[in-house]
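Chemist: Take the sequence shown: its position 85, counting from 1, is numbered 1544 in our numbering, and each next residue is one higher.
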Amino acid sequence: MGSFDEAWQVICDYFQKEKKITDVAYKTWISRIEPKNIDFEKGEITLMVPNDFHRQTLMRCYMPMLEDAYKAVFGTTFETVFTVPDEINKSNEKFLSNEQSADAGYEFTFDTFIVGQSNKFAHAACLAVAQNPAGAYNPLFLYGNSGLGKTHLLYAIGNDIKNNHPDKNIIYIKGDDFTNELIESIRMATTSEFRQKYRQADMLLVDDVQFIGGKERTQEEFFHTFNSLFEAKKQIVLTSDRPPKEIKILEDRLRSRFESGLLADIQPPDLETRIAIIKRKAEILGLDLDDDVCECIAQKLKSNIRQLEGVVKKLKARFYLTGETPTIATVSEAITDILNNDAPPELTVEKIIDEVARTFGVESDDIRSQKSRRANINKPRQIAIFIVRELTSLSMEAVGKEFGGRHYSTIVYTVQQVEKNMKTDSNLRETVEDIIKNIRDR
1460 MGSFDEAWQV
1470 ICDYFQKEKK
1480 ITDVAYKTWI
1490 SRIEPKNIDF
1500 EKGEITLMVP
1510 NDFHRQTLMR
1520 CYMPMLEDAY
1530 KAVFGTTFET
1540 VFTVPDEINK
1550 SNEKFLSNEQ
1560 SADAGYEFTF
1570 DTFIVGQSNK
1580 FAHAACLAVA
1590 QNPAGAYNPL
1600 FLYGNSGLGK
1610 THLLYAIGND
1620 IKNNHPDKNI
1630 IYIKGDDFTN
1640 ELIESIRMAT
1650 TSEFRQKYRQ
1660 ADMLLVDDVQ
1670 FIGGKERTQE
1680 EFFHTFNSLF
1690 EAKKQIVLTS
1700 DRPPKEIKIL
1710 EDRLRSRFES
1720 GLLADIQPPD
1730 LETRIAIIKR
1740 KAEILGLDLD
1750 DDVCECIAQK
1760 LKSNIRQLEG
1770 VVKKLKARFY
1780 LTGETPTIAT
1790 VSEAITDILN
1800 NDAPPELTVE
1810 KIIDEVARTF
1820 GVESDDIRSQ
1830 KSRRANINKP
1840 RQIAIFIVRE
1850 LTSLSMEAVG
1860 KEFGGRHYST
1870 IVYTVQQVEK
1880 NMKTDSNLRE
1890 TVEDIIKNIR
1900 DR
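#1: Would the region 1657-1666 and the region 1808-1816 be scored as touching if the rule is three or more Cβ pairs under 8 Å?
#2: Roughly how many angstroms separate the alpha carbons of Y1473 and K1486, rounded to a whole number?
#3: Using a threshold of 8 Å, state whether the C-beta atoms of N1628 and F1689 are closer than that.
#4: Rounded C-beta distance between L1893 and G1672? I'm assuming under 8 Å.
#5: Tell me whether the region 1635-1642 and the region 1692-1711 touch, counting them as touching only if at least three CB pairs, one residue from each stretch, are closer than 8 Å.
#6: What is the DSSP secondary structure of M1662, reduced to helix, strand or coil?
#7: Quick check: what's the CA-CA separation for T1883 versus V1877?
#8: What are the start and end residues of the beta strand (DSSP E) that includes L1721?
#9: Nearest to T1781 by alpha carbon, out of M1518, T1481, F1653, F1533?
#10: Looking at the unbroken alpha helix (DSSP H) that takes in M1647, where does it start and where does it end?
#11: Using a 10 Å radius around the Cβ and a threshold of 16 neighbouring Cβ atoms, would you call D1626 buried or exposed?
#12: Can you find the residues in the same chain that come closer than 7 Å, C-beta to C-beta, to V1771, ignoring five residues on each side of it along the sequence?
#13: Quick check: what's the CA-CA separation for M1881 versus E1856?
#14: For the 8 Å Cβ check, are there 3 or more pairs between the region 1670-1684 and the region 1583-1590?
#15: Under 8 Å by Cβ, that's how I've got I1725 and L1607 pegged, so tell me the actual separation to the nearest angstrom.
#16: Closest to D1570 by CA distance: which of N1763, P1839, A1615, R1646 is it?
#17: Let's see if you can read the secondary structure: which residues bound the beta strand (DSSP E) around F1496?
#18: Excluding the five sequence neighbours on either side, which residues of its own chain have a C-beta within less than 6 Å of the C-beta of I1706, listed in chain order?
#19: If you follow the beta strand (DSSP E) that L1599 is part of, which residue opens it and which one closes it?
#20: Under the rule that 16 or more other beta-carbon atoms within 10 Å means buried, what is I1870, buried or exposed?
#21: Between L1525, S1854, K1761, L1850, which lies nearest to S1605 when the distance is taken from Cα to Cα?
#22: May I have the straight-line CA-CA distance separating N1622 from F1567, to the nearest angstrom?
#23: Rounded to whole angstroms, how far is the Cβ of R1714 from the Cβ of P1703, which I believe are closer than 8 Å?
#24: Pull up the distance between the alpha-carbon of I1642 and that of V1540, whole angstroms please.
#25: Can you tell me whether D1482 is buried or exposed? The criterion is at least 16 other CB atoms within 10 Å of its CB, across all chains shown.
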């Protein structure tokens, strides 16, 4: 038994044998779930359900049971991503929503974080913040490439505070989700509730804060939220894939506040630290790995901790499903799977336009439209056309069709003008570079 479909059947058997729910409830809610994908590196399981009502019911009533089943079958927990048939090609809705507090990431504690030369300063800073919120370093700004443990440390701070001070209001949010919440609050005329939610936090943990860059209304709200919390002596911790000075489309007033506290970078782990991470993860999962197997993994995966942990999770699942003891051969296969899963997603025109729209606070449809000629749309549209041409293999004619059927000569002229202006306008060049980086990082 090696496929996710077969593994899902084991989970279903667990529900029935353990009698976690009645037969009627099982037939109504669990049996109608269709397994779609399991991503060991990200720790995600994607499940398709018939409709949104079914999804909401599962999220509200059955998540603890699902998590127990994951733990029993795979020896670890997973984040559940639900989708319904008409959302297959759209964004999935995750169980771990941006409204949940930091203690949702309960696996991520200081005890499970492996300290090495590359991260010991950041670890020490986070520990100091957890022990003395708003009294040690405020704000604390962690930066480094994806997969090096920034989110782990962010959760570790929140979990530590929550354990010692369960009454504290700790909010965890991703930078782009902060924008999405703000947009929704504007649409629903609930901005006062939005502000109250964030400005009454005892601790604000913001992951990937670079994604608020370039979004004028988002930066305005975040600026006032930051000031309100800081003046009230509440702890703020931020993470980013780069230091504040390199977030070119970030407003100066925010950049200066981010830099006013402590900046701590995280570098890729050395070989010894990678081996220690692998052994620790295997120990947590109850998996026995020989030293040569651990070293093989560590030698082949050098710059991403999530990949290391993903391989160990995959080996654990294979051992559970087939009884196969991890060897150098099975490790190589697991590494290949992880690297394939980690391949950059296809850069679509839709993704590019959506990111440009988010950056400038306009609608994606307006950027595409031939009819919309408002002044505030011209610049985003020109930049979107340039980036689409830069990052995709579409011809000028094909790009024109994506933007409301514009003639290819218009596309040629637009691309040439943006290229020309970027040579003399450093702000434009930095904006384009930041948007491209954000698109590739998503």
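Where a beta carbon is used, it is the ideal one built from N, C-alpha and C, also for glycine.
Modeler: This is what the structure holds:
#1: no
#2: 14 Å
#3: no
#4: Reading off the sequence shown, one finds Asp at residue 1893, where the question assumed Leu. Right, the Cβ-Cβ distance comes to about 6 Å (below 8 Å), so this counts as a contact.
#5: no
#6: strand
#7: 10 Å
#8: 1721-1724
#9: F1533
#10: That residue, M1647, is in no alpha helix (DSSP H); it is neither H nor E in DSSP.
#11: exposed
#12: I1737, K1740, A1741, L1744, L1746
#13: 23 Å
#14: no
#15: 5 Å
#16: A1615
#17: First, the residue type needs correcting, since residue 1496 is Asn and not Phe in the sequence shown. Run containing N1496: 1493-1498, per the beta strand (DSSP E) assignment.
#18: Q1669, G1672
#19: 1599-1602
#20: buried
#21: K1761
#22: 13 Å
#23: 5 Å
#24: 23 Å
#25: exposed
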